[in-house]
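Visitor: Residue numbers (the working numbering): 538 to 870.
First, the structure itself, so that you have it in front of you.
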């Protein structure tokens, strides 16, 4: 495999051998002798370790549905939200990649939007590891809907298996969401799911199997190429058996996701594989299909961002998606 696709081999090898970061150090230039000692003492006196100004709490949960331990990270809203009753929840999958961006933007918007975007409880659902190779393998296990799905041009076999989306959805709907709602003052139905790449695919799987689990779906670069684009079959089955799809959906991708020769911007994926993935084409296709259904309780918007790629599109898509699903939702109500 490495001989055939050197960039992917290098990437996987780098992930597997990534070392933990060294402890944080600050280098300060000081004069020699007694002067250095005095300055060091003054420096230490001006630094105090304190608790964070905002609350972030982590839990570990042994999931019956998944059969493994998950890590749940909760970031409470800032400000006077407790005096205003319950708040919406925003469930961020792939927190190893996305959580800090989701927390930061949701706080920025809720603090300065003049009430257009409310205070939001952010809940990250991931794994109790910070080792990138393990995270990537676990998400492949839990976020894919079928047991096989990589195209022949991309012959990857993750060590923990594939096809666990149904189990992970049960864990979310029947274990994690009830656990959050038992512990925090959150709205019982106002939930948003954020997914990116594989977790964007999982978001679509949720939309077409248990759509009422979430009110809003913000899905960035969903891997609709999986298993010969099986997600379109899921959509067709839903349409044939239902007259409505109660959800607000924002879909996004980067215009450069099908562009070859972009290196790390598209995860060093070989050009022929990028073309087979058809990220932008599939996004536009799905948006058009969903719009054509004319479901009475459904809203969808989509954006293909120019000059963005698979690894760069998420921040822009997150900002636009929060605006679309919260602030601009009032204009489409």
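Note that beta-carbon positions come from the ideal geometry of N, C-alpha and C, so glycine has one too.
All figures in this text were calculated on a predicted structure; none of them were measured in a lab.
(1) List the endpoints of the continuous beta strand (DSSP E) containing residue 785.
(2) Which first and last residues belong to the alpha helix (DSSP H) in which residue 825 is found?
(3) Below 8 Å between beta carbons: does that hold for residue 706 and residue 658?
(4) By the DSSP assignment, the beta strand (DSSP E) with residue 733 in it spans what residues?
(5) Using a beta-carbon distance below 8 Å, is residue 625 in contact with chain C?
(6) Which same chain residues, not among the five before or five after residue 584, have their C-beta less than 8 Å away from its C-beta?
(7) Could you have a look at residue 603 and say whether DSSP puts it in helix, strand or coil?
(8) Take residue 726 as the anchor and find which of 794, 734, 717 has the nearest alpha-carbon.
(9) Counting Cβ pairs closer than 8 Å, one from the segment 778–796 and one from the segment 823–840, do we hit at least three?
(10) Within 10 Å of its beta-carbon, does residue 679 have 16 or more other beta-carbons around it, so buried, or fewer, so exposed?
(11) Find the nearest neighbour of residue 753 within the set 785, 711, 840, judged by alpha-carbon distance.
(12) Using a Cβ-Cβ cut-off of 7 Å (strictly less than) and excluding sequence neighbours within five positions of residue 599, which residues of its own chain qualify?
(13) In whole angstroms, what is the alpha-carbon distance linking residue 850 and residue 858?
(14) Is there contact between the segment 684–699 and the segment 644–661, where contact requires at least three CB pairs shorter than 8 Å?
(15) State the Cα-Cα distance for the pair residue 827 and residue 759, rounded to the nearest angstrom.
(16) Give me, in chain order, the residues of the same chain whose beta-carbon lies closer than 7 Å to that of residue 647; leave out the 5 immediate sequence neighbours on both sides.
(17) Please classify residue 581 as buried or exposed, where buried requires at least 16 other C-beta atoms within 10 Å of its C-beta.
(18) DSSP three-state label for residue 743, please.
(19) Rounded to a whole number of angstroms, what is the C-alpha to C-alpha distance between residue 666 and residue 633?
Guide: According to the data block:
(1) Position 248 of the chain shown, counting from 1, holds the residue named residue 785. Membership of residue 785 in the beta strand (DSSP E) is indicated by the continuous run 784–791.
(2) Sequence index remark: in the chain shown, residue 825 carries index 288 (1-based). Element bounds for residue 825: 816–830.
(3) Your numbering for residue 706 matches position 169 in the chain shown. Your numbering for residue 658 matches position 121 in the chain shown. Cβ atoms of residue 706 and residue 658: not closer than 8 Å.
(4) Residue 733 sits at position 196 when you count from the first residue of the chain shown. Residues 723–733.
(5) Although the question refers to chain C, the structure presented lacks it and comprises just one protein chain.
(6) For the purposes of this step, residue 584 is identified with residue 47 of the chain shown, where counting begins at 1. Around residue 584: no qualifying Cβ.
(7) Working through the chain shown from its first residue, we reach residue 603 at position 66. Reduced to three states, the DSSP call for residue 603 is coil.
(8) If you number the chain shown from 1, residue 726 lands on position 189. Looking only at 794, 734, 717, the smallest Cα-Cα distance to residue 726 is reached by 717.
(9) When Cβ pairs closer than 8 Å are counted between the two stretches, the segment 778–796 is seen to touch the segment 823–840, the count reaching three or more.
(10) In the chain shown, counting from the first residue as 1, residue 679 sits at position 142. The residue in question, residue 679, is buried, as its Cβ has 16 or more Cβ neighbours within 10 Å.
(11) Along the chain shown, read from residue 1 onward, the residue named residue 753 stands at position 216. Selection 785, 711, 840 evaluated against residue 753 yields 785 as nearest (Cα-Cα).
(12) Within the chain shown, residue 599 is the residue found at index 62, counting from 1. Within the same chain, Cβ atoms closer than 7 Å to the Cβ of residue 599 are found at 606, the five residues on either side in sequence being excluded.
(13) For the purposes of this step, residue 850 is identified with residue 313 of the chain shown, where counting begins at 1. For the purposes of this step, residue 858 is identified with residue 321 of the chain shown, where counting begins at 1. Approximately 12 Å between the Cα atoms of the pair.
(14) Fewer than three pairs of CB atoms, one per stretch, sit closer than 8 Å, so the segment 684–699 makes no contact with the segment 644–661.
(15) By one-based count along the chain shown, residue 827 stands at place 290. By one-based count along the chain shown, residue 759 stands at place 222. One C-alpha to the other measures close to 15 Å.
(16) The residue you call residue 647 lines up with position 110 of the chain shown. Same-chain partners within the cutoff: 614, 654, 655, 656, 657.
(17) Position 44 of the chain shown, counted from the first residue, corresponds to residue 581. Burial call: exposed.
(18) Sequence index remark: in the chain shown, residue 743 carries index 206 (1-based). Residue 743 falls in the helix class under three-state DSSP.
(19) Within the chain shown, the letter at position 129 stands for residue 666. Within the chain shown, the letter at position 96 stands for residue 633. For residue 666 and residue 633, the distance between alpha carbons rounds to 9 Å.
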